[in-house]
Amino acid sequence: MEPREVALIGRLIAGTTHEIKNILAIIKESSGLLQDILRLKKGNAVPKAEQIEKVTTRIQAQVARGNDQLAALNWLAHSMSDRSSSVGVNELSSGIFNLMQRFARLKQVELEVQPTDADATVEADVVRLLFVLVTCIEYYLDREPPKGRVVLRPRGSGEEAILGIAAGSAAGHQNAEKPEVGGGPLPPELADLEPLLGPLGGRLAFAEKGGNAELHLILPLRRDESR
Amino acid sequence: MNTWKVLLVDDEEEFVTTLAERLKLRGIDASIATNGKEALTRIGADRPHVVILDVLMPGLGGLAVLDQIRTKDPKIKVILLTGRGAVHEDDQRLPPGAFDYLIKPVNIDELIEKMRQALNAP
Chain W
78 MEPREVALIG RLIAGTTHEI KNILAIIKES SGLLQDILRL KKGNAVPKAE QIEKVTTRIQ
138 AQVARGNDQL AALNWLAHSM SDRSSSVGVN ELSSGIFNLM QRFARLKQVE LEVQPTDADA
198 TVEADVVRLL FVLVTCIEYY LDREPPKGRV VLRPRGSGEE AILGIAAGSA AGHQNAEKPE
258 VGGGPLPPEL ADLEPLLGPL GGRLAFAEKG GNAELHLILP LRRDESR
Chain H
221 MNTWKVLLVD DEEEFVTTLA ERLKLRGIDA SIATNGKEAL TRIGADRPHV VILDVLMPGL
281 GGLAVLDQIR TKDPKIKVIL LTGRGAVHED DQRLPPGAFD YLIKPVNIDE LIEKMRQALN
341 AP
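Protein chains in written order, with the working numbering: chain W, 78 to 304; chain H, 221 to 342.
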C-alpha cells in the first residue's frame, strides 16, 4: 500500500472509533440517568413512564448508530484483507458513507448517498478505490460551506460503473437530468489521482448537463456484468 | 454544590442533555451548548463557574473556545473532554487555561469531584 493510503485508512479508523466513543458516552449517561431516576427520586414519587421511555429509546437509537459504525469498520477490514475483489457500487458507497460520517460532521456538511436501483459490480483493488473516492469526497467537503450538501450517486451505465459526486445546488434531486462527461479539466488535487486509476481501467472526469455538474469516477464493470 | 453553575459544551446534543439532567438531579445548575459559538454566547450571558468543554467540535473548536475564555474571563474554570489520551495534538501537556481534562465516556462522580477541585483551586 502507498503511504498515503495507509494514512487514510488510519484516519478513517480514528474517525469511526471516535464516533463509537461518543455513542458509548451517550449510552453510559442514559443508563446512568435511568439509575438516577430510580435512586434519586423524591420520597415515594413514581418515575414517569414517558421519561423512562424517552431514555430507553435514546439508548436503542445509539446502539443502532454504533452498529452502523461497527459494520463500516468490519467492511473496511474485509476490504483490506481481500484487496482484489468484486464490489457492488451501492455497497462501496454505503461503506464510504458510514466511514466518512465524522469527516462530514466536522465540516458541518451533510453527506448523502443516493443508491441505484440496478446495482453494478466492479472488480478492483477496493482499498485503492476507497482512497480515490474519499479524496474526491473530501475535495468537495472542504469547499462546501457549513450546512452544505455532498451527494454520492453510484450507478451502472452501459459497460461502465459510475460513482458520481455532486455538491451544493448540483446535489439537487435524484431524478435530475443525468450529467454527461465533458465538463472541463480536473483540478490538480484530483488530477493527481489519475495514475492510480489507470491500472484499474478507471478514470476521473467532470460531467455536466442542464446545470447539474458531477465528478465521475468511471470504472469498467466486472466482465460477467457487461450489459 | 447548590451554588455551582456549570456549562456543558459538546456537539453531541444527546450526551450533554443527558449529563445536564443527571447533574440537575444532584442539585447542580447545568446548562448546555452544542457548538463553540453558542458556548461563548452562554458564557457571556450566564457566567458559569465551570465549563466542561469538548475538544473536537465542528466549526469553532474546543481549544479556540478555551482561548477566548482564558482571555475574556480567566476566573472561569475549564475542564476539557476528549476521546483521546492526549488533549493536545502535539504533546501531552494541558493547553493554557484548562484546569484539567477527562476522557470520554466520563464517570459522573469523577466529573463532580473534578469540578469541586477546580472550584476550590485559586
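Backbone N, C-alpha and C define an ideal beta-carbon position, used for all residues, glycine too.
- Task: List the residues of chain W whose Cβ lies closer than 8 Å to the Cβ of Gly279 of chain H, in chain order.
- Result: Here residue 279 of chain H refers to the residue found at position 59 when the second sequence is read from its first residue. Neighbours of Gly279 of chain H on chain W, chain order: Gln185 and Pro223.
Output, in chain order, the set of chain H residues within a Cβ distance shorter than 8 Å of Ile239 of chain W. As a position in the first sequence, residue 239 of chain W is number 162, starting the count at 1. Per Cβ cutoff of 8 Å: no residues; Ile239 of chain W is ~30 Å from chain H at best.
To the nearest angstrom, how far is the alpha carbon of His293 of chain W from that of Gly172 of chain W?
Counting from 1 along the first sequence, the entry for residue 293 of chain W is found at position 216. Counting from 1 along the first sequence, the entry for residue 172 of chain W is found at position 95. In a straight line, the C-alpha of His293 of chain W is about 18 Å away from that of Gly172 of chain W.
**Report entry** Proximal residues, the region 237 to 249 of chain H versus chain W, C-beta separation under 8 Å
**Finding:** Against chain W - using a Cβ distance shorter than 8 Å - the residues of the region 237 to 249 of chain H are Thr238, Leu239, Glu241, Arg242, Leu245 and Arg246.
Whose CA, out of W:Leu240, W:Ala247 and W:Arg220, lies closest to the CA of Leu37 of chain W? Look at the range of chain W in this structure, 78 to 304, and you will see that residue 37 of chain W is not part of it.
* Asked: What alpha helix (DSSP H) runs, 4 residues minimum, are completely inside the region 181 to 258 of chain W?
  -> 203 to 220
Worksheet item: Can you find a CB in chain H that lies within less than 7 Å of the CB of Ser108 of chain W?
Response: Stepping through the first sequence from its first residue, residue 108 of chain W is reached at position 31. Ser108 of chain W does not count as touching chain H.
*Quick one, which residues of the region 88 to 112 of chain W are near chain H if we go by CB-CB under 7 Å, in chain order?*
His95, Lys98, Asn99, Leu101, Ala102, Ile103, Lys105, Glu106, Ser107, Gly109 and Leu110
Assigned secondary structure, Leu228 of chain H (DSSP; H/G/I helix, E/B strand, else coil): Translated into the one-based positions of the second sequence, residue 228 of chain H becomes position 8. Leu228 of chain H falls in the strand class under three-state DSSP.
| request: Determine the burial state of Lys105 of chain W: buried for a count of at least 16 other Cβ atoms within 10 Å of its Cβ, exposed for fewer. | output: By 1-based counting over the first sequence, the position of residue 105 of chain W is 28. In summary, Lys105 of chain W is buried, with 16 or more beta-carbon neighbours lying within 10 Å of its beta-carbon over all protein chains present.
| Closer than 7 Å, Cβ to any Cβ of chain H: which residues of the region 133 to 154 of chain W, in chain order? | Arg135
**Prompt:** Is any heavy atom of the ligand MG found at a distance shorter than 6 Å from the C-beta of Glu266 of chain W?
**Reply:** No copy of the ligand MG occurs in the structure displayed, which carries no ligand at all.
**Asked** chain W partners of Lys324 of chain H, CB-CB under 8 Å?
**Response** Locating residue 324 of chain H in the second sequence gives position 104, counting from the first residue. Those within 8 Å of Lys324 of chain H in chain W are Lys98, Asn99, Leu101 and Ala102.
message = Just to make sure I have the definition right: I need the residues of chain H whose C-beta is within less than 9 Å of the C-beta of Arg226 of chain W. Which are they?
response = Here residue 226 of chain W refers to the residue found at position 149 when the first sequence is read from its first residue. Counting only Cβ-Cβ distances below 9 Å, Arg226 of chain W has no contacts in chain H at all, with the closest Cβ about 15 Å away.
| message | Only counting the same chain, and skipping five residues up and downstream in sequence, which positions put a Cβ closer than 8 Å to that of Ala148 of chain W? | response | As a position in the first sequence, residue 148 of chain W is number 71, starting the count at 1. Correct list, in chain order: Asn175.
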